[in-house]
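Visitor: Can you keep this structure in mind? I'll have questions shortly.
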Ligand SMILES: [Cu+2]
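Numbering (the numbering used here), first residue to last: 3 to 158.
As structure tokens, this is what we get:
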């Protein structure tokens with residue numbers, strides 16, 4: 003009888019700790035939602051996103067413009083901290099076939115949305131790198147970066 007009680011106690015302790023663990027996992031995995039808009043004015047509404055190392059972000063890019071995708075498409079490309087942003091943006095201008103993500107510099111991209119036409123939106127889930135610092139993001143549609151369609155994810 004005594005042994006059976008002990009068994010029940012340890013069984014419920016096991017169940018409780020298991021439950022606690024799954025709750026903690028769910029909390030850690032819930033991404034923080036961030037909405038970024040891009041318009042015909044060739045601007046993102048945000049220039050800085052502050053984030054914690056390793057945090058998971060659910061970034062939604064909304065093209066709130068009305069001009070056609072061929073003339074005024076937008077994307078959001080998050081680059082590595084040490085990426086050469088100017089070189090990437092320059093190479094992107096001739097990468098129309100791959101929606102302005104230059105194949106040769108793909109290794110510098112941490113995450114990107116598809117190229118969006120007017121009134122379209124896309125969502126990406128992005129795990130912020132563990133290393134602190136400023137991670138640049140740009141719109142790689144030709145000339146948009148040059149006129150200021152850029153920002154940083156500031157990880158600290
Ligand atoms: Cu753009």
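We put the beta carbon where it would ideally sit given N, CA and C, even for glycine.
(1) Taking all protein chains shown into account, do 16 or more other C-beta atoms lie within 10 angstroms of the C-beta of residue 74, making it buried, or fewer, making it exposed?
(2) Please confirm whether any heavy atom of ligand 1 lies closer than 6 Å to the CB of residue 69.
(3) Taking residue 92 as part of the alpha helix (DSSP H), name the residues at either end of that continuous run.
(4) Consider the C-beta atom of residue 143 and the heavy atoms of ligand 1; say whether any pair is separated by less than 6 Å.
(5) Tell me whether residue 158 sits in a helix, a strand or coil according to DSSP, three-state version.
(6) Considering only the alpha carbon of each residue, which of 36, 44, 39 and 38 lies closest to residue 149?
(7) Restricting to runs no shorter than 3 residues, where is the beta strand (DSSP E) found entirely within the region 120–152?
(8) Round the Cβ separation of residue 93 and residue 106 to the nearest angstrom and send it over; I've been treating them as touching at under 8 Å.
(9) With distance defined between alpha-carbon atoms, name the residue in 137, 77 and 147 nearest to residue 55.
(10) Report the start-end ranges of each alpha helix (DSSP H) in the region 40–118 that is 4 residues or longer and not cut off at the edges.
(11) Pull the bridge partners of residue 35 from the DSSP assignment, please.
(12) Please classify residue 69 as buried or exposed, where buried requires at least 16 other C-beta atoms within 10 Å of its C-beta.
Guide: Put simply:
(1) Residue numbering aside, residue 74 sits at position 72 when the chain shown is read from its first letter. The residue in question, residue 74, is buried, as its Cβ has 16 or more Cβ neighbours within 10 Å.
(2) As a working mapping, residue 69 is identified with position 67 in the chain shown. It does not: the Cβ of residue 69 is nowhere closer than 6 Å to a heavy atom of ligand 1.
(3) For the purposes of this step, residue 92 is taken as residue 90 along the chain shown, with counting starting at 1. Segment 87–94, the alpha helix (DSSP H) holding residue 92.
(4) Position 141 of the chain shown, counted from the start, is the residue given in the question as residue 143. Under cutoff, so the answer is yes.
(5) Locating residue 158 in the chain shown gives position 156, where the first residue counts as 1. Residue 158 falls in the coil class under three-state DSSP.
(6) In the chain shown, counting from the first residue as 1, residue 149 sits at position 147. Checked all of 36, 44, 39 and 38; the closest Cα to residue 149 is 44.
(7) Whole beta strand (DSSP E) segments, 3+ residues: 123–129 and 135–140.
(8) Here residue 93 refers to the residue found at position 91 when the chain shown is read from its first residue. Here residue 106 refers to the residue found at position 104 when the chain shown is read from its first residue. Taking 8 Å as the upper bound for CB-CB distance, residue 93 and residue 106 are in contact here, some 7 Å apart.
(9) Within the chain shown, numbered from 1, the residue matching residue 55 stands at position 53. The shortest Cα separation from residue 55 among 137, 77 and 147 belongs to 137.
(10) As far as the region 40–118 is concerned, its whole alpha helix (DSSP H) runs of at least 4 residues are 71–74 and 87–94.
(11) The count along the chain shown starts at 1 and reaches residue 35 at position 33. Residue 35 is bridged to 60.
(12) In the chain shown, the residue the question calls residue 69 occupies position 67. Looking at its Cβ environment, which holds fewer than 16 other Cβ atoms inside 10 Å, residue 69 is exposed.
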